[in-house]
Amino acid sequence: MGKSDSVRHGANLDSAETVAEQDEPPTGSSGFHGTPQEQAAAIEKQQQSTKRAAAAADAASSSSHQTPTLSRPQASSPATSSSSTFASVSNGAVEHLPRYADNGPAAHCVPISELAALYQTDLEEGLSAAEAALRYGSHGANKIQGAKGVSLWEVFLRQISNSLTIVLLIVMVLSFCIDDYIEGGVITAVIVLNIVVGLIQDYKAEKTIQSLYALSAPTCKVVRNGQIETIKAEMLVKGDLVMISVGDVIPADLRLVSGINLSVDEALLTGESVPISKHPEAVLDEPDVPLGDRLNMVYSAATVTRGRATGIVASTGMDTEVGKIAGMLRRKKDETAGKSFTARTLIRAKNGARRILGLEGTPLQVKLSKFALLLFGLALLLVIIVFSASGWRVGNQVLIYGICVGVAVIPESLIAVLTITMAVGSKAMAKGNVIVRKMSALEAVGGVTNICSDKTGTLTQGRMITRKVWLPDGTTALVENTTDSHDPTSGTVTVAEVTNEKEAAEAIQSSPFNSFVESIALCNNSTVSDGKASESESESVTTATATLASPVSWSAVGEPTEIALQIFAMRFGKGKPDLLLQDGRRLVSEFPFDSSCKLMSVVYETKNSNLRWVYTKGAVETVMPLLQDSDSLKQRIAAKADELASEGLRVLCVASKAVEAGVDLSERPQVESGLRFLGLAGLYDPPRNETREAVQKCLKAGISVHMVTGDHIKTATAIAYEVGILDHSMDPLPHHAVMAAARFDALSNEEVDRLEKLPIVLARCSPLTKVRMLEAMHRRRAFCVMTGDGVNDSPALKKADVGIAMGDRGSDVAKEAADMVLTDDNFASIVTAIQEGRRLFDNIQKFLLHLLISNIAQVILLLIGLSFKDKTGVSIFPLSPIEILWVNLITSSFLALGLGIEEMQPDILSRPPHDVRIGVFTWDLIRDKMVYGTLMGALCLAAFSSVAYGLPGANGLGHGCNDSYNETCGVVFRARATTYATLTFLLLVTAWEVKHFTRSLFNMNPELWHGPTAVFRTVMRNRFLFWAVAAGFLFTFPVIYIPVINRMVFKHEAITWEWGVVMACVVVYIALVESWKAIKRRLGMGLQAKTGDPAQLQV
57 MGKSDSVRHG
67 ANLDSAETVA
77 EQDEPPTGSS
87 GFHGTPQEQA
97 AAIEKQQQST
107 KRAAAAADAA
117 SSSSHQTPTL
127 SRPQASSPAT
137 SSSSTFASVS
147 NGAVEHLPRY
157 ADNGPAAHCV
167 PISELAALYQ
177 TDLEEGLSAA
187 EAALRYGSHG
197 ANKIQGAKGV
207 SLWEVFLRQI
217 SNSLTIVLLI
227 VMVLSFCIDD
237 YIEGGVITAV
247 IVLNIVVGLI
257 QDYKAEKTIQ
267 SLYALSAPTC
277 KVVRNGQIET
287 IKAEMLVKGD
297 LVMISVGDVI
307 PADLRLVSGI
317 NLSVDEALLT
327 GESVPISKHP
337 EAVLDEPDVP
347 LGDRLNMVYS
357 AATVTRGRAT
367 GIVASTGMDT
377 EVGKIAGMLR
387 RKKDETAGKS
397 FTARTLIRAK
407 NGARRILGLE
417 GTPLQVKLSK
427 FALLLFGLAL
437 LLVIIVFSAS
447 GWRVGNQVLI
457 YGICVGVAVI
467 PESLIAVLTI
477 TMAVGSKAMA
487 KGNVIVRKMS
497 ALEAVGGVTN
507 ICSDKTGTLT
517 QGRMITRKVW
527 LPDGTTALVE
537 NTTDSHDPTS
547 GTVTVAEVTN
557 EKEAAEAIQS
567 SPFNSFVESI
577 ALCNNSTVSD
587 GKASESESES
597 VTTATATLAS
607 PVSWSAVGEP
617 TEIALQIFAM
627 RFGKGKPDLL
637 LQDGRRLVSE
647 FPFDSSCKLM
657 SVVYETKNSN
667 LRWVYTKGAV
677 ETVMPLLQDS
687 DSLKQRIAAK
697 ADELASEGLR
707 VLCVASKAVE
717 AGVDLSERPQ
727 VESGLRFLGL
737 AGLYDPPRNE
747 TREAVQKCLK
757 AGISVHMVTG
767 DHIKTATAIA
777 YEVGILDHSM
787 DPLPHHAVMA
797 AARFDALSNE
807 EVDRLEKLPI
817 VLARCSPLTK
827 VRMLEAMHRR
837 RAFCVMTGDG
847 VNDSPALKKA
857 DVGIAMGDRG
867 SDVAKEAADM
877 VLTDDNFASI
887 VTAIQEGRRL
897 FDNIQKFLLH
907 LLISNIAQVI
917 LLLIGLSFKD
927 KTGVSIFPLS
937 PIEILWVNLI
947 TSSFLALGLG
957 IEEMQPDILS
967 RPPHDVRIGV
977 FTWDLIRDKM
987 VYGTLMGALC
997 LAAFSSVAYG
1007 LPGANGLGHG
1017 CNDSYNETCG
1027 VVFRARATTY
1037 ATLTFLLLVT
1047 AWEVKHFTRS
1057 LFNMNPELWH
1067 GPTAVFRTVM
1077 RNRFLFWAVA
1087 AGFLFTFPVI
1097 YIPVINRMVF
1107 KHEAITWEWG
1117 VVMACVVVYI
1127 ALVESWKAIK
1137 RRLGMGLQAK
1147 TGDPAQLQV
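Under the working numbering, the first residue of the sequence shown carries the number 57, and numbering increases by one thereafter.
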């Protein structure tokens, strides 16, 4: 169809969102700073109704609804030529250009001609290249000063700023001071390993998030020297003349000069869910008009959904509205402001000490740092005990023994294992479409008790479909099970009011149904393609919108509502391209959507007919008065429209009529009168297929799911029922279950706290509403997730315990404020993150328990070992320092790492969240580590004693056996080797026992298998852990039997019959541990005690 074949009047058809949601409260933002609540309050100030500017816009618009022409008005400024402009800036006059962000009138309050004069911009020629270069040099690049670049030095400092590393550094220094170079070297290697592993992981995490920042438009079209050029968006300067069209991302804040049918999606900035029609001619009176009301402005990061326009750059970079909010988010509160010099010094010293001791960071890091300080204090106490037992005669041997005891109490490999485990967890989340931006979120998300989720695009697909169709003969068509909203072959269509398939086929082929389908297909400017052929050309460049690519091969171009209607028609082979080929149909005239009448009409004719057909669609309340149908039918239409609306659908009315070819169709009122009703179309954004299952998983896991949305309360409620957030078993709903934001905001904090439970569905939300909701949850000691995608969501994302931004449609400002980013914008990915968070929490407890059991056993062994005296009265080491380090760093590290990558337990989403305030050091862990550690320590003592004192003819413990081997040390060295082997084998067995805190090693996965072979499947389930145990077992023998290494390094020697002692200790240990687990199961201790009623956790 050629462009010349159509006659157009007025603005183009807006989406059904505009038809159905004219009262959607726009949300805005400006450059304010402070706490999240203050930020939200500042944003809230700009969220008033769009009605105030509508009158100004309507007054400026033509009464006949004619759009302004594209010709640019001339500036009433002497600087109307580029030459005069050059002269004005040649001597640096650009430095004194009026800047509305500083002291001039707001751009939306100034007529176009005055604005051009103030900015010294020629509305025909634009700026010159020379002038643009001068302004660029003066004001800098047009880009958001994003997150700081990755600094290796800062990342390095983070690795050493923790208590455990500091303790190891102290031990390392002491080892070198007493010339124990082997131990000092080993500890040095441990410290370097910890730092390198952490450095690599943190650096990768920082680099990954840098790749997410893609908010600014990469290129744009600008008029310079009278020529249209394509330049990088960051090269724009104030006063530039920019051209925008469908699909463009606005590169800077622009004051519109001219435009045709321009609509802009400002959701990322204002939260407004529907495109906003813009009016370049409007001049507003109030400078502080909310952003959503500034109909003559478009803002950076918004997207053009329809039409084209030209605008003058009013703000760039950090002066844009997006830049102001980005700056606000990065501004940190200065604790030292207004303080005296002494107070400032003390505050800085305190903060520095906290950073050095690792008391700043993620909750787990802080807890582990405090734990390390506790261990350091315990190590000092043990050293004092050692010195006291030696009568305070502190020689090298006593000092070495003291260091040995101190080393034994510290889990040297904890940092490396924790870092690697979290890196593996982060990688697993990335595979689940979750990018972890802050490691605190990785460890905390498993303890989430409440999720506050947006609706559009997160719980739903973010695309419209035609859900229901109703015809006047009673026929109802229902679309279900759609997986791809752009695929006409996806899903099923069920026809109601029929009794069998034959009647259904007849209903679809009936004349009323065909007329309805033809009408929604032809009164439509969208195109849908399966990718097999080139897309048909849109009939007008002014009616096209951004292309929305289907996940597979289908793609669609157009307004979301028109795409949904077109796809419904295509389900029956009645798409617009097919219809245009029939009977030589030709578009005669089009009357696009107009905000004053909320209608769209088209007129078609065919070659062999003297009739023309008018097809109209629009809001029900607008079309109804234009119908010539009976009053009874109109009553039925109104009742059915209310019924569809109550189901959360956005309802459009479709009508048509036939007119003689000679009738004058130049005036809209003549065309849109005397219409015949064809049917109603109910549209909505369908839930994602996986959402309902994900919500059920959350509820089963004791997590309350709340919907916080800017959508209408009926739409939100309908979707909440459909995805399972609300349940019909709750009917009648409690008064607090579903609330509009206006009602919630009207409550005081005390009244909110008196509510039995907080709202499950909160509709028409503003940023301040979301922040208040989070604060109310925190007062109830809940641990919350908040999702968001827009700039205006950033205060709530920062306020939440775990803020999750949308990676696909989310703004960079939201991503920067968030802790996690969903690459697929899918609610099910949040559940994946929670599963992974719980798995990580469980695994941290497992390897932490394993490491601490080893430390407790060694402390018991070494302290009681003070009573083992040689002939000179010196205490004998049951384990040498190198044996302790080998066990802690080599044997235990790989076992702990294997536990850190354990798969999630089958019941991981069948128990309520863990208490994040308690953290990993639960009473279960403390109790188990004491029991297991005591058993292990006692058996190691028994092994040493059995060899040292049980050998026939044993003649004491020799002398000088702590330093080196001599002829008197045979018994001690064999006893030491036996103790080392016993400790090693017990740790290997413990690695399998702690895979589950209560279940038996011989029946650990009854859901999967049982019987005598179950234990073998259990130990083989985690291959890394299996091979770590196998390696630990095999490496025990060369350490004991290789000459020189055994005597000179480890200070033990080969054993023979002593293996019987080792195996006896292993059997006894397994029996005692299994007995302990049986007692726990019998008494309901451990994880089983955590299960409960999820409803008890709801707030």
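Where a beta carbon is used, it is the ideal one built from N, C-alpha and C, also for glycine.
Note to self: Buried or exposed for residue 440, going by 16 or more other Cβ atoms inside 10 Å?
What the structure shows: Its Cβ having fewer than 16 others within 10 Å, residue 440 is exposed.
Next item on the list: Sort out for me which residues DSSP pairs residue 796 with in a bridge.
Entry: Here residue 796 is bridged, per DSSP, to 819.
Next item on the list: Determine the DSSP secondary structure at residue 579, reduced to helix, strand or coil.
Entry: Coil, per DSSP.
Notebook entry, point to check: Apart from the five residues on each side of it in sequence, which residues of its chain come closer than 6 Å, Cβ to Cβ, to residue 849?
Noted result: Cβ within range, chain order: 870.
Notebook entry, point to check: Around the C-beta of residue 995, are 16 or more other C-beta atoms found within 10 angstroms, so that it is buried, or is it exposed?
Noted result: Around the beta carbon of residue 995, 16 or more other beta carbons sit within 10 angstroms, so the residue counts as buried.
Margin query: Between 506, 483, 628, 800, which has its C-alpha nearest residue 548's C-alpha?
Written below: The shortest C-alpha separation from residue 548 is found at 628.
Note to self: Could you tell me the alpha carbon to alpha carbon distance between residue 1141 and residue 760, rounded to whole angstroms?
What the structure shows: Per the coordinates, the alpha-carbon of residue 1141 lies some 26 Å from the alpha-carbon of residue 760.
Next item on the list: Locate the beta strand (DSSP E) running through residue 664, then write down its first and last residues.
Entry: Annotation for residue 664: no beta strand (DSSP E) segment contains it, and DSSP assigns it neither H nor E.
Margin query: DSSP three-state label for residue 1015, please.
Written below: For residue 1015, the three-state secondary structure derived from DSSP is coil.
Next item on the list: Please state if the CB of residue 442 and the CB of residue 1160 are separated by a distance shorter than 8 Å.
Entry: Outside the displayed range of the chain (57 to 1155) lies residue 1160, so it cannot be described from this structure.
Notebook entry, point to check: Where does the unbroken alpha helix (DSSP H) through residue 720 begin, and where does it stop?
Noted result: Note, residue 720: premise wrong, no alpha helix (DSSP H); not H, not E.
Note to self: Closest to residue 917 by C-alpha separation, out of 1036, 448, 569, would be which residue?
What the structure shows: The residue with the shortest Cα to Cα distance from residue 917 is 1036.
Note to self: In the DSSP assignment, the beta strand (DSSP E) including residue 321 goes from what residue to what residue?
What the structure shows: In the DSSP annotation of this structure, the continuous segment of the beta strand (DSSP E) that includes residue 321 starts and ends at 309-321.
Check: Ordered along the chain, which non-local residues of its own chain (more than five positions away) have a Cβ less than 8 Å from that of residue 976?
Finding: Within its own chain, the residues whose Cβ lies closer than 8 Å to the Cβ of residue 976, once the five positions on either side in sequence are excluded, are 420, 423, 897, 900, 901, 904, listed in chain order.
Next item on the list: Rounded to whole angstroms, what's the CA-CA distance from residue 271 to residue 866? Just pull it up for me.
Entry: Note that residue 271 scores 39 on pLDDT, short of 50, meaning its location in the model is unreliable; the coordinates nonetheless yield the value given after this. If you take the alpha carbons of residue 271 and residue 866, they lie about 9 Å apart.
Notebook entry, point to check: Taking buried to mean at least 16 other C-beta atoms within 10 Å of its own C-beta, is residue 1136 buried or exposed?
Noted result: Classification of residue 1136: buried, given that the 10 Å Cβ count is 16 or more.
Notebook entry, point to check: Pick from 343, 172, 757: whose alpha carbon is nearest that of residue 295?
Noted result: For residue 295, the nearest C-alpha among the options comes from 172.
Check: What is the DSSP secondary structure of residue 183, counted as helix, strand or coil?
Finding: When DSSP states are grouped into helix, strand and coil, residue 183 belongs to the strand group.
Margin query: Taking only three categories from DSSP, how would you classify residue 1158?
Written below: Only positions 57 to 1155 of the chain appear in the structure, and residue 1158 is not among them; the question remains open.
Next item on the list: Can you check DSSP and say which residues form a bridge with residue 548?
Entry: In the DSSP assignment, the residues bridged to residue 548 are 536.
Check: Curious, which full-length alpha helix (DSSP H) runs of at least 4 residues does the segment 863-907 contain?
Finding: Within the segment 863-907, the runs of alpha helix (DSSP H) that reach at least 4 residues and sit entirely inside it are, in chain order, 868-873.
Checklist line | Residue(s) in a DSSP beta bridge with residue 740 | finding: Per DSSP, 521.
Next item on the list: Measure the C-alpha to C-alpha separation of residue 622 and residue 675 and round it to an integer number of angstroms.
Entry: Within the model, the alpha-carbon separation for residue 622 versus residue 675 is close to 18 Å.
Next item on the list: Could you tell me which residues DSSP puts in a beta bridge with residue 506?
Entry: Note: residue 506 sits in a beta bridge opposite 760, 840.
Margin query: Buried or exposed, going by whether 16 or more other CB atoms sit within 10 Å of the CB of residue 455?
Written below: Its Cβ being crowded by 16 or more others within 10 Å, residue 455 is buried.
Notebook entry, point to check: In three-state terms, what does DSSP make of residue 175?
Noted result: Helix.
Next item on the list: Answer yes or no: do residue 670 and residue 709 have a C-beta to C-beta separation smaller than 8 Å?
Entry: No, they are not a contact pair.
Notebook entry, point to check: Taking three-plus beta-carbon pairs below 8 Å as touching, is the segment 475-489 in contact with the segment 879-889?
Noted result: Yes, the segment 475-489 touches the segment 879-889.
Next item on the list: Tell whether a beta-carbon distance below 8 Å holds between residue 704 and residue 747.
Entry: No, the Cβ-Cβ distance between residue 704 and residue 747 is not below 8 Å.
Next item on the list: Give me the Cα-Cα distance between residue 432 and residue 405, rounded to the nearest whole angstrom.
Entry: Looking at the two C-alpha atoms, the distance is approximately 22 Å.
Check: How long is the line joining the alpha carbons of residue 972 and residue 221, rounded to whole angstroms?
Finding: For the pair residue 972 and residue 221, the Cα-to-Cα distance works out to about 25 Å.
Check: Per DSSP, what kind of secondary structure is residue 297 in: helix, strand or coil?
Finding: Of the three classes helix, strand and coil, the one that applies to residue 297 here is strand, per DSSP.
Next item on the list: Pick helix, strand or coil for residue 1021, following the three-state DSSP scheme.
Entry: Three-state result, residue 1021: coil.
Checklist line | Rounded separation between residue 1168 and residue 251 - CA only | finding: Only positions 57 to 1155 of the chain appear in this structure, which leaves residue 1168 out of reach.
Margin query: If the criterion is Cβ atoms closer than 8 Å, does the pair residue 369 and residue 292 meet it?
Written below: Annotated as proximal: residue 369 and residue 292, with beta-carbon spacing under 8 Å.
Check: With DSSP run on the structure shown, which of helix, strand or coil describes residue 658?
Finding: DSSP, read as helix, strand or coil, puts residue 658 in strand.
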